[in-house]
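So the protein sequences, as listed, match chains A and X.
Just so you know, the first sequence maps onto residues 302 to 836 in this note's numbering.
Just so you know, the second sequence maps onto residues 302 to 836 in this note's numbering.
There are 2 protein chains.
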Amino acid sequence: MIRGNLVNPFTEEIYPAEIEIRDGMIECVRQIEGSFNQYILPGFIDAHIHIESSMLAPSRFAEVVVPHGTTCVVSDPHEIANVMGIRGIKYMIEDASTVPLNVFFTAPSCVPATPFETSGAVISSKEIDKLLKCGEMVALGEMMNFPGVLSDDPEVMAKIAAAKVNKKPVDGHAPLLSGNDLCKYIAAGISTDHECTLKEEVIEKRKLGMKVMLRQGSSAKNLADLIGAGGDFIISDDKHPEDLLNGHVDLMLKEAVELGEDPIKALKMVTINPAAHYDLNNGLIAPGKPADIVIVEDLKSFKVKEVYINGNIAAREGKALFSVNPLELESTFKISFKKPVDFDILSSKKEENVRVINVIAGQLLTEESEAVLPVADGKIEPDVENDILKIAVLERYGHNKMANAFVHGFGLKNGAIASSVAHDSHNIIAVGTNSQDISDAVNKLVENNGGLVVAFNGDISSLKLPIGGLMSTKTAEEVALDLEVLHNCLVDMGCKLHSPFMTMSFLALLVIPKLKISDMGLFDVEKFDFVDVIK
Amino acid sequence: MIRGNLVNPFTEEIYPAEIEIRDGMIECVRQIEGSFNQYILPGFIDAHIHIESSMLAPSRFAEVVVPHGTTCVVSDPHEIANVMGIRGIKYMIEDASTVPLNVFFTAPSCVPATPFETSGAVISSKEIDKLLKCGEMVALGEMMNFPGVLSDDPEVMAKIAAAKVNKKPVDGHAPLLSGNDLCKYIAAGISTDHECTLKEEVIEKRKLGMKVMLRQGSSAKNLADLIGAGGDFIISDDKHPEDLLNGHVDLMLKEAVELGEDPIKALKMVTINPAAHYDLNNGLIAPGKPADIVIVEDLKSFKVKEVYINGNIAAREGKALFSVNPLELESTFKISFKKPVDFDILSSKKEENVRVINVIAGQLLTEESEAVLPVADGKIEPDVENDILKIAVLERYGHNKMANAFVHGFGLKNGAIASSVAHDSHNIIAVGTNSQDISDAVNKLVENNGGLVVAFNGDISSLKLPIGGLMSTKTAEEVALDLEVLHNCLVDMGCKLHSPFMTMSFLALLVIPKLKISDMGLFDVEKFDFVDVIK
Chain A
302 MIRGNLVNPF TEEIYPAEIE IRDGMIECVR QIEGSFNQYI LPGFIDAHIH
352 IESSMLAPSR FAEVVVPHGT TCVVSDPHEI ANVMGIRGIK YMIEDASTVP
402 LNVFFTAPSC VPATPFETSG AVISSKEIDK LLKCGEMVAL GEMMNFPGVL
452 SDDPEVMAKI AAAKVNKKPV DGHAPLLSGN DLCKYIAAGI STDHECTLKE
502 EVIEKRKLGM KVMLRQGSSA KNLADLIGAG GDFIISDDKH PEDLLNGHVD
552 LMLKEAVELG EDPIKALKMV TINPAAHYDL NNGLIAPGKP ADIVIVEDLK
602 SFKVKEVYIN GNIAAREGKA LFSVNPLELE STFKISFKKP VDFDILSSKK
652 EENVRVINVI AGQLLTEESE AVLPVADGKI EPDVENDILK IAVLERYGHN
702 KMANAFVHGF GLKNGAIASS VAHDSHNIIA VGTNSQDISD AVNKLVENNG
752 GLVVAFNGDI SSLKLPIGGL MSTKTAEEVA LDLEVLHNCL VDMGCKLHSP
802 FMTMSFLALL VIPKLKISDM GLFDVEKFDF VDVIK
Chain X
302 MIRGNLVNPF TEEIYPAEIE IRDGMIECVR QIEGSFNQYI LPGFIDAHIH
352 IESSMLAPSR FAEVVVPHGT TCVVSDPHEI ANVMGIRGIK YMIEDASTVP
402 LNVFFTAPSC VPATPFETSG AVISSKEIDK LLKCGEMVAL GEMMNFPGVL
452 SDDPEVMAKI AAAKVNKKPV DGHAPLLSGN DLCKYIAAGI STDHECTLKE
502 EVIEKRKLGM KVMLRQGSSA KNLADLIGAG GDFIISDDKH PEDLLNGHVD
552 LMLKEAVELG EDPIKALKMV TINPAAHYDL NNGLIAPGKP ADIVIVEDLK
602 SFKVKEVYIN GNIAAREGKA LFSVNPLELE STFKISFKKP VDFDILSSKK
652 EENVRVINVI AGQLLTEESE AVLPVADGKI EPDVENDILK IAVLERYGHN
702 KMANAFVHGF GLKNGAIASS VAHDSHNIIA VGTNSQDISD AVNKLVENNG
752 GLVVAFNGDI SSLKLPIGGL MSTKTAEEVA LDLEVLHNCL VDMGCKLHSP
802 FMTMSFLALL VIPKLKISDM GLFDVEKFDF VDVIK
């Protein structure tokens, strides 16, 4: 029996109540007399998150989010799917099933993201149809390929048709899409969007019947810009391990209320609204529903005291009360060790005019610049003084492809970094001041079966991400600490970026302008074609 | 292209807009500049109605409701199912498919209603499962058997389980159910209720997550009592033909607004709310949805000017613009013609003390009284002067069962009436002043293959209801006129009741106290057992 001030999203009321629980289910909810200090809330739902962004195996993710009141997430396993396809998705389902957190999934709609990169897997419309028949799959995942929708691409349409047949909704991803194009996108059957950055976008999409997810994650924080324009869910999209230590849905609620949202309206956006949309039994304090309940101190801080899942205490005062034993996953790395020479671009000239990827701090967008670089021993040299460094992407799924180019903006004065987190195909990406350190970093990464590496003159630090090269089996605390060590090394090496690994991870994302790089070469997003490094 | 002031239930706004339609679907909705006299509304949904109560075949029902802005109904074919089982439901689907109105159905959960009467069919949990696999079936129909739910009756639970397996909601019917019993009813998986008559009921049910349907039909008008307590839908439950001529959902909206409801909030209750609950594509002005659109003059009278269904004009200025050719249905009557003696109760005494069903005008409840009646020629005679008349129920599905008794409250001074509308098994029910007229009325009814009959001394008037003994293939106007003729006859014959046929139709409904009658005998609802006519 749980007693307190029940915050009831169905009727937007708060009153003293007691909740009777039997066999993990809510049996009865009764309004009572009494005065209580604590508030009873339905378990929180994050309706759109990529667990992989936390760098934590699903069970480790659960361990850190449940104490923050999260009892249910809808996760799009887009990243692991690009690495390992169905096998990766199955791992996510299996590992998540070892912990009390209710983890639902969407079937990733865009694997691979583009034909201009080599991914670890392709998920066809037929496989989407099979996936959507699983109970864990509650929707077709965010349809990022909006040009495909607008041009009636048969494979895109077949995936959406599979969702219709399986009576599951289709999540959207349509930044700045508007007018007739937006109408066409919606008419295809896409019913949510989480990419709004402007109030006008929220308003236009909601008028057309879309459900808008207000995003407040680690990278993109749109709540302040969007609050007051309406919205149906609050979601995170991506949360980094160090941020999860400070909060998850509890923090979104706190921030929404600080920004002026009514606490009960905010609560609806992380409980009954997503439950209704995805047809979930979670986030509902009602007879016959699983007893997923959060006790908070107040409706301002949303400080979580206790969390119940299926009627069992799952966390108390910030500590998860369930055991976590992440499942292992076989290595995904099919790549041989590299030599420094593999990272050289050869030339018979004395100098070369090259294209340079210009990183803009805090943005996914890049710009293109050019530089004249010297050639020594037949190799084009970086210009470390002017922050023109070497960058490489190495295919890691057994096809032995790689591309080298130049990048500006990292500010490294020496050493190199490498990562197996590189959206969306998650090949190996490396940036460095010289071929030897880059080679060392990449080889360590391969030895580690994935992760992040900093190498400087034979001195190597790393964070292992052996689960698909994306996730750790360690705790959020341990991963955050490892990350901090790496970041401190990088500051010592002169790096000017706040999150150099994250910035690097988006340099292979070919759908955001302007100059990017895949394992197949340097890519001009505006031309939507490859360009040469040497102009 | 349709232009006007769009009333948008998604965002609760009104603004000038144009709607582009292609191939019957909404292609685009655009906010425009301009000043318009007319309002564009999504097509109305009546989310709970028994079409049979209109006495009209579904296509004839469509003909009268579409001009009132109704473009979609969710109908529970409980009545025809009691008469003809799956065959009857299939008829409803087939006949409805001949007209533009979108007619969805719920699988009737309680056929037969009780084991104390002979129905024309039994619908098992296995058949429910089959039915729920049809696209036309959007829910399990109202679970009237709440004692069965509370006692975990295996067949009731199997029907609810079938709904869960088929991912369809379960409609409720739980008048005055409260507290722990209500919690148990909800926990079983029942998510709506349309039987609230008190504000407290609405509030309690909504707090527990139920969706409450506010009822404003022909018999039960609860809107005035419930408005302001919250509510998710406005529905009719039952509408009689003469009332449908005056309005349907348009009238509910008008009445809700007159009672103080916000027009857009009221509109949500007959458009996007039921659409979301039953997962319908109707009632939504959004890209990719069928162009079901209503043009009204204002948001006070809700006077309907034009109705579009699937992009085609379906009604204008009160007239349906589609052809209606109701399908025929084979007769359901397996009963031989009767003689007056069949309606006599024999006695060897001079007088008998008998139980009498006491009708209460305007209520489904009855009372029990007793009377001492004279015996002539070995037959107990009615006492017409004191309004103690004869009543009979005759099984009509080939089992040759019938029961005779006495009733008080009709006030007939001569003649008799008979009807094949008699909830829930729809056997033949007749009330009269003498056995000859009763026999004449019943025989005419059988000859007509169902309907309503008034007989007096060889003079017989009738309304034929050949579709299952419940529905006519005539227009609403014709049926209303026939009904008026019958009612006028009855006034001439001394009848004191406002709706004698409707009152009679509930005298066989064994679930509402106190004294009722089935083909198997006189039934004491409080004892839940049969009792003898002679005390």
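Quick reminder that beta carbons are idealized off the backbone N, C-alpha and C, glycines included.
Compute the beta-carbon to beta-carbon distance between residue i and residue j, rounded to the nearest angstrom, for a pair I have assumed lies under 8 Å.
{"i": "glutamate 437(X)", "j": "phenylalanine 405(X)", "result": "6 Å"}
{"i": "aspartate 396(A)", "j": "serine 360(A)", "result": "5 Å"}
{"i": "methionine 385(A)", "j": "isoleucine 352(A)", "result": "Methionine 385(A) to isoleucine 352(A), Cβ: 14 Å. No contact."}
{"i": "valine 503(X)", "j": "leucine 527(X)", "result": "5 Å"}
{"i": "valine 558(X)", "j": "leucine 600(X)", "result": "7 Å"}
{"i": "valine 366(A)", "j": "histidine 549(A)", "result": "5 Å"}
Establish whether the CB of residue i and some CB of chain X are separated by less than 8 Å.
{"i": "phenylalanine 337(A)", "result": "no"}
{"i": "arginine 304(A)", "result": "no"}
{"i": "glycine 436(A)", "result": "no"}
{"i": "asparagine 789(A)", "result": "no"}
{"i": "leucine 585(A)", "result": "yes"}
{"i": "alanine 577(A)", "result": "yes"}
Would you mind telling me which residues of chain A sit closer than 8 Å to residue i, beta carbon to beta carbon, in chain order?
{"i": "leucine 451(X)", "result": "By Cβ distance, chain A contributes nothing, its closest Cβ being about 13 Å from leucine 451(X), past 8 Å."}
Compare the C-beta of residue i with all C-beta atoms of chain A and state if any pair is closer than 8 Å.
{"i": "phenylalanine 311(X)", "result": "yes"}
{"i": "leucine 816(X)", "result": "no"}
{"i": "lysine 460(X)", "result": "no"}
{"i": "lysine 465(X)", "result": "no"}
Residues of chain A with a CB under 9 Å from the CB of residue i: which are they?
{"i": "proline 588(X)", "result": "Leu483, Cys484, Lys485, Tyr486, Ile487, Ala488, Ala489, Leu509, Gly510"}
{"i": "lysine 468(X)", "result": "Lys468, Asp580"}
Could you tell me which chain A residues have their CB closer than 7 Å to the CB of residue i, listed as they occur along the chain?
{"i": "cysteine 329(X)", "result": "Asn481, Cys484"}
{"i": "glycine 531(X)", "result": "Thr312"}
Could you tell me the distance, in whole angstroms, from the CA atom of residue i to the CA atom of residue j?
{"i": "valine 832(X)", "j": "alanine 756(X)", "result": "29 Å"}
{"i": "lysine 639(A)", "j": "arginine 697(A)", "result": "12 Å"}
{"i": "glutamate 334(X)", "j": "proline 317(X)", "result": "6 Å"}
{"i": "methionine 511(A)", "j": "lysine 606(X)", "result": "29 Å"}
{"i": "aspartate 539(X)", "j": "methionine 445(X)", "result": "16 Å"}
{"i": "serine 649(A)", "j": "valine 676(A)", "result": "8 Å"}
{"i": "glycine 421(A)", "j": "proline 476(A)", "result": "26 Å"}
{"i": "leucine 811(A)", "j": "isoleucine 610(A)", "result": "40 Å"}
{"i": "serine 763(A)", "j": "phenylalanine 824(A)", "result": "29 Å"}
{"i": "phenylalanine 623(A)", "j": "glutamate 364(A)", "result": "8 Å"}
{"i": "serine 479(X)", "j": "leucine 509(X)", "result": "11 Å"}
{"i": "threonine 498(X)", "j": "valine 571(X)", "result": "19 Å"}
Is there contact here, the region 579-592 of chain A with the region 801-815 of chain A, by at least three beta-carbon pairs under 8 Å? A contact between stretches requires three or more CB pairs, one per stretch, nearer than 8 Å, and the region 579-592 of chain A fails this requirement with the region 801-815 of chain A.
| Three-pair Cβ contact test at 8 Å for the region 675-684 of chain A versus the region 641-651 of chain A | In short, these stretches touch, since the Cβ pair count reaches three.
> Is the region 769-781 of chain X close to the region 794-812 of chain X, with three or more CB pairs under 8 Å?
Replying inline: No, because fewer than three Cβ pairs between the region 769-781 of chain X and the region 794-812 of chain X fall closer than 8 Å, the two stretches do not touch.
Subject >> Sufficient close CB pairs (3 or more, under 8 Å) joining the region 448-461 of chain A to the region 302-311 of chain X >> reply: No, they do not touch.
Worksheet item: For the region 616-623 of chain X against the region 372-381 of chain X, are there 3 or more C-beta pairs whose distance is under 8 Å?
Response: No: the two stretches stay apart, fewer than three of their Cβ pairs being nearer than 8 Å.
- Task: Take every Cβ of the region 484-499 of chain A, pair it with every Cβ of the region 461-475 of chain A, and state whether three or more of those distances are shorter than 8 Å.
- Result: These segments touch.
Between the region 691-709 of chain A and the region 783-792 of chain A, do three or more beta carbon pairs fall short of 8 Å? No, the region 691-709 of chain A does not touch the region 783-792 of chain A.
_Three or more C-beta pairs under 8 Å: does that hold for the region 716-735 of chain X against the region 747-754 of chain X?_
Under the 8 Å Cβ criterion, the region 716-735 of chain X counts as touching the region 747-754 of chain X, having at least three qualifying pairs.
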